[in-house]
Amino acid sequence: MNATLAEPAAIPLRTRPCGGAFDPADHSAYLRWRAEKLARFPASVDALVVDVADPAHCTDDEREALIERIRRANMAVYRSPPGVMTRHGLRRFGRSLGLSRLDEHLCAEEDGISQLRVKAGIESGEYIPYTDRPLSWHCDGYYNSPERAIGAMMLHCVTDASEGGENALMDHEMLYIALRDKGARFIESLMHPEALTIPANIQNGEVVRPERVGPVFSVDPASGALHMRYTARGRNIRWRDDPVTSEAVTLIGRILEDPSSAVFRYRLRPGEGILCNNVLHNRTGFRDEPGSGRQRLVYRARFFDRVAAT
Ligand SMILES: [Fe+2]
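The working numbering applies: residue 140 is where the sequence shown begins, and numbers increase by one.
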């Protein structure tokens, strides 16, 4: 009855592609793909914004405009009138874009959609989204098993904060280019099946989530799409003990902070949302005005599917 309760079909992620732009050994395919990607990549975040009158009943033109942005940059910003979107509408919007398999996250509500707002008593770890603290660079679901890798996600702003709460976004394919241009060996090291380990989440002696070991970069054999699994978190993660991996991780950090990198910044206002193929993102801290009755609220939906997967 409830699709969120069903186990998703296994998504085998191939970690070492045989030929193609994401194969560290296939230099000519990489250069062809790189030239095309850079030629089509939007110059600014404004080019990603699409007006959608009612996301739950997206028109063909609106859907095509969103998919066109996703094909170029793996992300789009939609702008709908405040108060129109409901959680049910968000699911319907997702389905119209080919996103039907929702991740049933630990903190998601029964319908698989998380309500991100400040919750009392949350201090750290995987629950920082439920605080007003800054959220460092990551791709969603880096602590998921490979079979439950997040292909796409949506953030929908119901209420914005009095101050702050801006997202930075970087297409993981642009990060791949920036890193690969420094050396294919860095890509090779991050495709290692043991590149990144997230230790088990244990609370009160109970294993809430087991340890996760896997690559940073992998390729979905069904679509040929690049998938990234990453967190800039410094604590409670283990990188493979290897000099090239260490250098690659340092380089990623530098690329993400480099003002010349293809990083977009956007502060969602009520009715607006980000739709993306799980690109790298972060969030600044924010402040809800005490006593105003206004509290930042963002709906988040994560899917095992990707937008424009073919
Ligand atoms: Fe996130």
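Don't be surprised by glycine CBs; every beta carbon is placed ideally from N, CA and C.
7 Å Cβ cutoff, residue i in contact with chain D
i	result
Ser362	Of the protein chains in this structure there is only one, and it is not chain D.
DSSP three-state assignment for residue i, whether helix, strand or coil
i	result
His366	strand
His331	coil
Gly432	coil
Phe232	helix
Arg379	coil
Ile252	coil
Phe443	coil
Arg426	strand
Arg324	helix
Val257	coil
Val297	strand
Under 7 Å between C-beta atoms of residue i and residue j
i	j	result
Gly410	Met293	no
Pro181	Arg211	yes
Met214	Cys278	no
Arg318	Phe325	The amino acid occupying residue 318 in the given sequence is Leu; Arg does not appear at that position. The answer is yes: Cβ separation under 7 Å.
Arg272	Gln434	no
Asp199	Val223	no
Ile206	Tyr282	no
Phe442	Arg240	yes
Ile394	Ser400	yes
Ser301	Arg155	no
Tyr405	Val191	no
Pro402	Ala307	Residue identity differs from the one stated: residue 402 is Val in this sequence, not Pro. Yes, the Cβ-Cβ distance between Val402 and Ala307 is below 7 Å.
Ala334	Arg445	no
Range of the contiguous beta strand (DSSP E) that encloses residue i
i	result
Leu390	Element bounds for Leu390: not the beta strand (DSSP E) but the alpha helix (DSSP H), Pro382 to Glu396.
Ala339	Counting along the chain, Ala339 falls outside any beta strand (DSSP E), and DSSP gives it neither H nor E.
Cys415	Glu411 to Cys415
Gly353	Arg351 to Gly353
Arg348	Glu345 to Arg348
Ser357	Phe356 to Val358
Val418	Neither: Val418 is in no beta strand (DSSP E) and is coded neither H nor E.
Arg155	From DSSP, Arg155 is part of no beta strand (DSSP E); its letter is neither H nor E.
Buried versus exposed call for residue i [16 or more other C-beta atoms within 10 Å across all chains shown]
i	result
Leu414	buried
Asp380	exposed
His420	buried
His311	buried
Cys296	buried
Ser385	exposed
Gly233	buried
Gly344	exposed
Cys157	exposed
Limits of the alpha helix (DSSP H) - the one that residue i falls within
i	result
Ala317	His311 to Arg319
Requested in this report: Counting only runs of 3+ residues fully inside the segment 261-293, write out the beta strand (DSSP E) ranges in chain order.
Outcome: 274-277
**Report entry** Completely contained alpha helix (DSSP H) runs for the segment 162-230, where each covers 4 or more residues
**Finding:** 166-179 and 199-212
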